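To keep things clear, I will list the structure first and then write my remarks on it.
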Amino acid sequence: MDNTNGTDAGKTTLHGGVAPNAYDGITDPVYGSASRQLKGMALRWSQSLIPQVLRDKPNWTVFELTWNAQKGKYDKVPAKWKGRAKCGDPSTWRTWDDILYMCSVKTEKWNPEYDEQMVDGVKKSFAPAYALSEDDGIFCIDLDHIYDAYGQCDPIAAVLLDKFKGTYCEQSKSGDGAHIFGYGKPELNGNVTVEIEGERLDIEVYSKDRFICMTGIGIDSSKVKEASND
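Going by my numbering, the sequence shown opens with residue -18, and the numbers climb by one from there.
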């Protein structure tokens, strides 16, 4: 799957370099910041960089993230709001405005650029999640653990990211992974291993029945572009 209609948005060309503010804990006016999950700190998210084409769709819910010290990461579940959302049931999804309201109610005092809160004495985070639907024709490639402790990208993962240069890519909630969004119907689905320049890379590919926890911390572009199955 190679990007066939991408243009460089001019904001970032960080595929092979350092993830934007991945571990420095410094607020950036464009990207926000991320901190290591080992410290039990949530990745900030920015609503302004999430593509408008996604925000315009009624495919949203809110994820409630609770820090799990034993696992060293956040447990993610759809937050309860008149029932719990289901990734395969559009009747349980919400609009973008709905989820902004949901977050403000759940946290009482909410800042969309920094969503970590103490709720009933438990460290929690609330983040938007997008439901992939076969009808939308939008897919997501989920790359885990591609950035090291210094923010350097795995070289093979960097090649894959470059193939999708120009379409919307963001850091994942962990701070060391990435999401790639595009239009198309990939032949692969779920956990797959792809070969890139003679090297194997484990990835996850989804185009339906899956929530993607969003950050809006862009690695490239602010548009969702067409992609092929090459």
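Glycine residues also receive a C-beta, built at the ideal position from the N, C-alpha and C atoms.
The structure displayed is predicted, hence computed values, not measured ones.
Item: Euclidean distance between Cα positions of D117 and I31; Value: 16 Å
Item: Residue interval of the beta strand (DSSP E) (run including I193); Value: R191 to C194
Item: Per-residue DSSP class, three states only, for L46; Value: strand
Item: Pairwise C-alpha distance: E176 and G165; Value: 20 Å
Item: Proximal residues to A60 (C-beta, below 6 Å), its chain only, five neighbours per side dropped; Value: V43 and E45
Item: Separation of D143 from A66, as counted between CA atoms; Value: 34 Å
Item: Identity of the residue in A139, G163, E151 and K204 nearest R181 by Cα; Value: A139
Item: Beta-carbon proximity of A110 to F192, cut-off 9 Å; Value: yes
Item: Residue(s) in a DSSP beta bridge with K166; Value: Answer by DSSP bridge pairing: none, since K166 is not bridged.
Item: Simplified DSSP state of I198, which is helix, strand or coil; Value: coil
Item: D68 versus D37 - alpha carbon distance; Value: Reading off the sequence, residue 68 comes out as Cys, not Asp. So the two alpha carbons sit approximately 18 Å from each other.
Item: Alpha carbon of H126 to alpha carbon of D79, nearest angstrom; Value: 31 Å
Item: Among W48, V34, A50 and K204, the one whose alpha carbon lies nearest that of K146; Value: K204
Item: Spatially closest choice to T47 from T196, A108 and I119, by CA coordinates; Value: A108
Item: Check whether K189 and S114 have beta carbons under 9 Å apart; Value: yes
Item: V186 versus T174: straight-line alpha-carbon distance, rounded; Value: 10 Å
Item: Simplified DSSP state of T73, which is helix, strand or coil; Value: helix
Item: Simplified DSSP assignment, three categories, for D79; Value: helix
Item: Spatial distance of W77 from D157 (CA atoms); Value: 26 Å
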